[in-house]
Every structure is written in structure tokens, then in C-alpha cells.
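Colleague:
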Amino acid sequence: MQRPDRIALAALALCFLAVVAAVDPRGDFPVNDDWAFAATARALAFEGRLAFTGWQSMPLITHAGWGALFLALLGDDFTWLRLSTLVLAAAGLLGAYALSRQLGASPWGAGIASLTLVGSPWYLGLSFSYMSDVPFLALLLLATAAWAHPRRRPGRSIGALLAVAATLSRQNGLALPLGAGAAAALGWPARRRDLVDAIVLGALAVLCLRGAEALVAAGPGLPELYHLKTAATWAALSDFVQFRHWPLFAERSAATLLYLGLCLLPVTLLLPARPGTTLRRTGFFAVLALVVGLPLSQTRLAMPCLGNVWPGWGFGPWLDGGPPPVTPPLLAATLTVAAVLGALLLVDRLGALAGAARHPAALPLAVGLAAAGPMVISHAVFLDRYLLPLVAFASVGLAALAGVPRRSRVASALVAALLGLAAAVVGVHDHQAWQRARWKALDALLAAGVDRGQVAGGFELDNARPALDSGTAPVLAGRRAFAISSTPLPGYEVLARAVVGAWGSGPREVLVLRGRARGEGDAGLRERLLRSGLVP
């Protein structure tokens, strides 16, 4: 390893450790859907059996095994499950850096590609959870880096093992054989053997996936929703080739381009502009972004326009039974204009690179499209985090296309990457702090003698400990005698509050609410809550 690579990797490691320390992953609470995945990991770690809640639509075998290892070694706590994700998140950044360098990126370019990835809302936000997105992506990045390694024979073997592991976590691990096959067909690498290798890898991955599905079906049974997204994707492909539902496809494609324009802006700035027209074209694009972006910010495509991890003001999801925080109009307009500008610059600078299809960057770009593309056209729900593989592999591909960029481009790209990372750190920190406050409020209610079944707390709280093998867990508990929410709810009175300690986004407090019909006879409850550390 050369000295510039050692320096770049050391800087990335220090940056990642600083981010982990700033956000703070501690806390025994679920995030998003990971309550369901944690139940499977617990069953595997403490009971030695594979069991599901019925909620997930992926194999989850690799993911559950990795989490179960940490639970078995460290104990039953969501903190250790988040630690398992953070370990693979760090490995994923190493894979992105290695793949960028192997495909021709400079150390600066590879470092900025990795910073762009970790600064995306989804990579950083989901790294502080036990969701399967980041562990899957880390395996896929490492598999692609091994597949593209100059030492072809051992690299292909390691890449195949990692690709199978990724596929046994999520079905779109098949993106590596699909992307490698497409890249080989386009002319890189220009060897017939590479296409054969991709076909063999695809057959191996499909065989392992089908075998695992058959074993699970014969044992605990496939989750209730397992085939839902696959069926929706096949139906959408059929409609797509028959030119049906194209307005939906057009809207999702526009949303995808806006997210790519915004999230890939740092690596886009690394790409060479058209000779002699940089300032004039950039000024034109800036004006055009204002003209297009401001009206667009008043439509359904106002950024952020997709829900889940980045729903608006702050990171999320904010699933507590009340309305999510509203994105201020000025912020929505600013993000939309920036996304349009980033998309214009991305399309323009890619257009200036002739023959990109035969560049080594074709491999990561094809893998990213294969991993995320089906969800863009699928009839299933389209969440923002489904774009994470495309952002990751596009960052790598753009860094490779940039080659050895000028210092001025590196400086502007580095500033943009660090600004994006800083914003992501604030958002993820505040979301974790909000979750801690919710669970502090719940613990205070339980300590005051309230039965757990009387409390409605939103998606994560209501589904934190689902019964295995019982079908799909309820999404929301509905109206209960008590509620925990970041906003007041109709028919409830405020008993106490838990301070969130947010840095700049999301709710500042969590409310402990009691149905007004139960107001009599509980005079000492408020005092007991205040003694538990809540505030009036």
C-alpha cells in the first residue's frame, strides 16, 4: 500500500470514529424495521433456531447470523446490534475506497467517494440501526472490489463468496453477476472469460438463494411478506415493456435523478467540465436550477420527496403516531434547487466523457443500477433508502471516471463532502437522541405502574418485542389509555416531557400523554413520572 493510500485510509478511519463518537450508538431501542430483524437474531443467538416475524421480505440469513454473533458474545441489547452494523459500515467504506482505487481513482478521489457515501442520509442513518441495508451494501461493495481485483483468480473466488453472502441477506445481491455481465458485454473487461465468470456467479448465487428458500420453507416457513416485492417487481417489468404505468416510472425516475444530483454533488465536482466553458455553463445551470427548482419545490417532487430515512426536517423515520416534523419551505426550496443543479452538472459532465461505457467505471455503475433499478420501476412502495446502492456505486464510478482531478476540483469536492457529512451527523444524532427520549418516557411510565399494553408509542415502540412465527406484527397499536408522541394528540393531556437534546433538527421534546377520560384517579402519576427524571 502506497503512502497516500495509508494517509487517506487513516483519515477516513479517524473521521468515521469521530462520527460514531458524536452520534453515540448506545441505547437498547429499535430503529425503523429493525425490531423484526432483531427478533430473528435473538432466536438464532439464544435459542439456536431460525425464526421470523413475518415482516421481512428478504432472506436475512447472513444478516441474522452476523447480529446473532454479537448478541451471543456481548448480550441482548440493541447497542450490540448497532455495533455489528457499524463494523460492516466501516468495512463498506474500505470496500468503496479499494474499488475506486482499483478502477483508476486517485487517493483523493477514492477518499471523497467514501466520504460522499458515508455522508449520504441513508448510509450514515442506517449504520446506527440493525437494518439490513448497510450490511448488505458493505458485502456487495467488498464483493465487487474482490471481483475487480488485479489478481483475478483469488479475487473472483472471494468475490463469489461475498456475493453469495450478500444474496443470502437480500435478493438484490444478484446485482454483482448482473452488473459484471453487463459490464463485460459492454466491453470491460474485454475478455470473453469475464462474461462466462459472471454467468457462473449468477447461477451459483441463484442456486444458493433457492436452496436457502427451500430449507427455510421446509423449516420455520418463509415470512408472510417474503415474495411481495419480488412479485411487484416482476409485474412492473411486465408493465414496463408493454408501456403501461409510465407516468409512475417517469415520476420515480425524476425523483431518483434529484436524489442523485444532491447526494453525488461532491464526486460530480471531481469530474472534468467541458473545456473553456466552465464558468459560463455553471452560471447558466445555476440560473436554470433556480427557474426549475423553485416551482418544483411546490410539487410532490420537493426535496426530500421520498419518505422513510430522510422524511424532511431531520432524519427518521419519525414514527410515533403523531405527524412528522414539517420541512421549512425555505429549506425545501434550497434542497430542491441544489438537487436540480447537481443533476444538471452530473448529466453535463457525464456527457463530456466520451466512451464511458468502455471505462472500468462501467462495472460499479452497472452493479448499482442492477441493485437499485428494480425498485425504481416496482409497483411496491418506493422508499428513499432503496437508492443507497445506486448512490454508493455511482460514487465509486464517478471517482474512477475523474481519474486524477485538479486540485481546485478536489478542494471544492472535499468541502461539499464534509458539509454533507456534517449535516448527516446532526440529523442522525438528533434521531438517536429522540429515540432515547421516547424510551426514557416509556420506562418512566412502566416504573410508575402503567401496564405496557396501555401505552401506544408508535411504530418502533409498539413492535419492539414481536412474537416470532405469529405473522406480521401490527404497524401501530391504535388508541390506548396512554401515548408517547413528539406532538400533542387529540383527546390526550400532557403528563410530562422528556427533553431530546437535539442539535438542530427534529423534535425538541417527547410528550407523555394520558387520555382525558382517565384523568380522574391518577393524581400521583405525574409526580411519579417527574421523580423518574421527566420534566413538567
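If you use the numbering used here, the sequence shown corresponds to residues 710 to 1245, in order.
Note that CB positions come from ideal geometry on N, CA and C, so glycine has one too.
Tell me, to the nearest whole angstrom, how far the beta carbon of Val1137 is from that of Phe725; I am working on the premise that it is less than 8 angstroms.
Modeller: With a Cβ gap of about 13 angstroms, Val1137 and Phe725 do not count as contacting.
Colleague: Per DSSP, which one or two residues make a beta bridge with Ile1193?
Modeller: Note: Ile1193 sits in a beta bridge opposite Val1221.
Colleague: Is it right to say Ala748 is buried, meaning 16 or more other beta carbons lie within 10 angstroms of its own, or is it exposed?
Modeller: Classification for Ala748: buried.
Colleague: I need the boundaries of the alpha helix (DSSP H) containing Leu790, first residue and last residue.
Modeller: Its alpha helix (DSSP H) spans residues Phe787 to Gln811.
Colleague: Just to confirm the assignment: which complete alpha helix (DSSP H) runs, minimum length 4, are found wholly within the segment 1081–1132?
Modeller: Runs found: 1097–1111.
Colleague: Can you give me the C-alpha to C-alpha distance between Ala995 and Ala1048, rounded to a whole angstrom?
Modeller: C-alpha separation (whole angstroms): 11 angstroms.
Colleague: Taking the beta carbon of Val843 as the centre, do at least 16 other beta carbons fall within 10 Å, making it buried, or is it exposed?
Modeller: With 16 or more other Cβ atoms within 10 Å, it is buried.
Colleague: I'd like to confirm the pairing. Which residues does DSSP put opposite Glu1202 in its beta bridges?
Modeller: For Glu1202, which the question treats as bridged, DSSP gives the partners Arg1223.
Colleague: Do you know how far the Cα of Gly992 is from the Cα of Phe1024?
Modeller: Rounded to whole angstroms, Phe1024 to Gly992 spans 32 angstroms at the Cα level.
Colleague: Alpha carbon to alpha carbon, how far is Pro1199 from Arg1161?
Modeller: Distance between the alpha carbons of Pro1199 and Arg1161: 21 angstroms.
Colleague: Could I get the ranges of all uninterrupted alpha helix (DSSP H) runs contained in the segment 741–766, with 4 residues as the minimum, in chain order?
Modeller: Taking only runs of at least 4 residues, the alpha helix (DSSP H) segments lying wholly in the segment 741–766 are 743–751.
Colleague: Judging by CA-CA distance, which residue of Ala875, Ala874, Ala927 and Val976 is the nearest neighbour of Ala760?
Modeller: If we check each option's Cα against that of Ala760, Ala927 comes out closest.
Colleague: Does the segment 1131–1147 touch the segment 1191–1211, meaning 3 or more C-beta pairs lie closer than 8 angstroms?
Modeller: Contact holds: three or more Cβ-Cβ distances are below 8 angstroms.
Colleague: In chain order, what residues of the same chain lie with their CB nearer than 7 angstroms to the CB of Leu1243, ignoring the 5 residues before and after it?
Modeller: Contacts found: Ala1150, Ala1153, Ala1205, Arg1206, Ala1207 and Val1221.
Colleague: Below 8 angstroms between beta carbons: does that hold for Leu783 and Trp789?
Modeller: Yes, the Cβ-Cβ distance between Leu783 and Trp789 is below 8 angstroms.
Colleague: Quick one: what's got a C-beta closer than 6 angstroms to Met840's C-beta in the same chain, skipping five residues either side?
Modeller: The answer, listed in chain order, is Asn741 and Asp743.
Colleague: Straight-line CA distance for Met1012 to Leu1127?
Modeller: If I take the Cα positions, the gap works out to 20 angstroms.
Colleague: Is it buried or exposed for Met767, if we count other Cβ within 10 angstroms and need 16 for buried?
Modeller: Buried is the call here.
Colleague: Which of helix, strand or coil does DSSP assign to Val1159?
Modeller: Three-state DSSP puts Val1159 in coil, outside helix and strand.
Colleague: Short of 6 angstroms in beta carbon distance, which residues of its chain neighbour Arg758, apart from the five on each side in sequence? Order them along the chain.
Modeller: Contacts found: Ala752.
Colleague: So which of Met1084, Val905, Phe738 and Pro739 has the shortest CA-CA distance to Phe958?
Modeller: Nearest of Met1084, Val905, Phe738 and Pro739 to Phe958, Cα basis: Met1084.
Colleague: Could you check which residue in Gly736, Ile716, Thr771 and Trp831 has the C-alpha nearest to that of Ala1132?
Modeller: Looking at the Cα atoms, Trp831 is the closest of the given residues.
Colleague: Who are the near neighbours of Val732 in its chain, counting only those whose CB is closer than 7 angstroms to its CB and skipping five residues on each side?
Modeller: The residues are Phe837, Val1134, Val1137, His1138 and Gln1141.
Colleague: Since Arg810 contacts Asp714 with CB under 8 angstroms, what's their CB separation in whole angstroms?
Modeller: Their Cβ separation, rounded to whole angstroms, is 7 angstroms, which keeps Arg810 and Asp714 in contact under 8 angstroms.
Colleague: Starting from the C-beta of Leu1015, find all residues in its chain whose C-beta is less than 7 angstroms away, skip the five residues before and the five after it, and write them out in chain order.
Modeller: Closer than 7 angstroms at the Cβ level, and outside the excluded window around Leu1015, lie Ala964, Phe1091, Leu1092 and Asp1093.
Colleague: How far does the alpha helix (DSSP H) with Cys1014 in it extend, from its first residue to its last?
Modeller: No alpha helix (DSSP H) holds Cys1014; DSSP gives it neither H nor E.
Colleague: Would you call the CB atoms of Trp943 and Gly1215 closer than 8 angstroms?
Modeller: No; because the gap between Cβ atoms is not below 8 angstroms, this pair is not in contact.
Colleague: Figure out for me which residue from Ala940, Thr771, Pro956 and Glu1236 has the closest Cα to the Cα of Gly1158.
Modeller: Selected option, being the one with the closest Cα: Glu1236.
Colleague: Rounded to whole angstroms, what is the Cα-Cα separation between Leu780 and Phe787?
Modeller: Looking at the two C-alpha atoms, the distance is approximately 9 angstroms.
Colleague: Can you tell me whether Gln880 is buried or exposed? The criterion is at least 16 other CB atoms within 10 Å of its CB, across all chains shown.
Modeller: Classification of Gln880: buried, given that the 10 Å Cβ count is 16 or more.
Colleague: Is Gly864 closer than 8 angstroms to Ala872 when the C-beta atoms are compared?
Modeller: The answer is no: Cβ separation not under 8 angstroms.
Colleague: Exposed or buried, which one is Gly868 when buried takes at least 16 other CB atoms within 10 Å?
Modeller: Buried.
Colleague: In angstroms with no decimal places, state the Cα-to-Cα distance between Leu885 and Leu1010.
Modeller: So the alpha carbons of these two residues sit roughly 31 angstroms apart.
Colleague: One question on the structure: do Ala1165 and Ser1241 come within less than 8 angstroms of each other, judged by their Cβ atoms?
Modeller: No, these two residues do not count as a Cβ contact at 8 angstroms.
Colleague: Taking Cβ to Cβ, would you say Ala892 is nearer than 8 angstroms to Ala1075?
Modeller: Cβ distance < 8 angstroms, so Ala892 and Ala1075 count as in contact.
Colleague: Arg1058 to Leu974, Cα distance in whole Å?
Modeller: Roughly 12 angstroms separates the two Cα atoms.
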